[in-house]
Amino acid sequence: MAVQYNNNSSISYGFEQGLIANPPFPIIAKRDPTANDGNAAIGTLWINKLTNGVFFLTSIVGNVSTWASTAGGGEIVTSITATTGPNSLTGATTINTTGAATTTIGTGGTGAVQIGNTTGNTSVTGSLTASTGLTATTGDVAVTAGNVTFGNINGSIRFYALMGMYGGIGAPTFVAGQGSLYLRRDGSSTTTRLYVNTDGNTAWTSVTTAT
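In case it helps, the numbering used here puts the sequence shown at residues 30 to 240.
This is the structure in structure tokens:
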């Protein structure tokens with residue numbers, strides 16, 4: 030139920046303008062306003078003295094009041110556009126936790142997008158797709174369940190610098206680190222299935238495998 034308030038504004042006398050309406054009196058309460066709290070003038074200030082929350086009455090449409098919060102609490106908006114920066118978010122931040130809409134971060138510019146912090150971890154609950162590369166400068170990349178899948182037939186796993194495990198069609202002729210392994214997808218004999226790099230360049234020697 031709406032709370033009834035006496036918001037009769039006083040009148041001031043001016044020099045150039047005879048009568049000037051003063052702003053409506055603020056409402057001091059022990060709670061936040063609701064959509065039913067509409068017996069007030071547009072522009073009325075509401076203060077929740079228990080939480081220090083501050084609200085302004087911005088509109089009344091169909092007996093439904095809209096109070097805009099000026100504090101740092103939760104606010105529901107349809108869109109936010111920030112043309113300047115930097116912009117900082119502190120505390121717990123939740124983005125697009127409901128609905129099927131796509132959340133896009135940092136695709137319109139050329140600068141780096143940094144996510145994470147110095148002490149905590151960054152968790153991804155769904156799939157993580159990198160269109161160019163995925164690099165771990167420190168620590169490990171651990172797969173506790175599932176597979177590591179390469180979409181390209183010539184994908185590779187690199188252990189150090191150019192040393193790694195490669196795969197593809199045909200005998201290897203590319204530069205790789207010494208000791209690298211190459212699995213040939215179209216190998217049909219005991220000497221054409223597996224190769225090892227012997228010079229850190231383009232020299233590959235076939236490894237004889239069992240039939």
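Glycine included, each C-beta is placed from N, C-alpha and C at the ideal position.
Note that the coordinates shown come from a computational prediction; the quantities given were computed from them, not determined experimentally.
| Item | Value |
| --- | --- |
| Would you mind giving the Cβ-Cβ distance between Ile-124 and Thr-132, rounded to the nearest angstrom? I have them listed as a contact below 8 Å. | 6 Å |
| I need the straight-line Cα distance from Val-93 to Ala-129, nearest angstrom please. | 29 Å |
| First and last residue of the beta strand (DSSP E) that includes Val-236? | 233-236 |
| Tell me whether the beta-carbon of Asn-226 lies closer than 8 Å to the beta-carbon of Gln-207. | yes |
| Just to confirm, is the Cβ distance from Phe-84 to Pro-55 under 8 Å? | no |
| Out of curiosity, what's the CA-to-CA distance linking Thr-87 and Ala-70? | 9 Å |
| For Thr-219 and Ala-205, which I take to be in contact (beta-carbon distance under 8 Å), what is that distance rounded to the nearest angstrom? | With a Cβ gap of about 22 Å, Thr-219 and Ala-205 do not count as contacting. |
| What do you reckon, are the CB atoms on Arg-214 and Gly-193 nearer than 8 Å? | no |
| Can you look up Arg-213 in the DSSP assignment and give me helix, strand or coil? | strand |
| Roughly how many angstroms lie between the CA atoms of Ser-152 and Thr-136, to the nearest whole one? | 20 Å |
| Could you spell out where the beta strand (DSSP E) holding Phe-54 opens and where it closes? | Where Phe-54 is concerned, there is no enclosing beta strand (DSSP E), given that its DSSP letter is neither H nor E. |
| In this structure, how does DSSP classify Ile-144 when only helix, strand and coil are distinguished? | coil |
| Give me the Cα-Cα distance between Thr-127 and Thr-110, rounded to the nearest whole angstrom. | 20 Å |
| Check whether the Cβ atoms of Leu-223 and Leu-210 lie closer than 8 Å to each other. | yes |
| Whose C-alpha, out of Ile-198, Ala-232 and Asn-65, is nearest the C-alpha of Ser-217? | Ile-198 |
| Name the one or two DSSP bridge partners that Ile-186 has. | Met-194 |
| Thr-240 by DSSP, collapsed to three states: which one? | coil |
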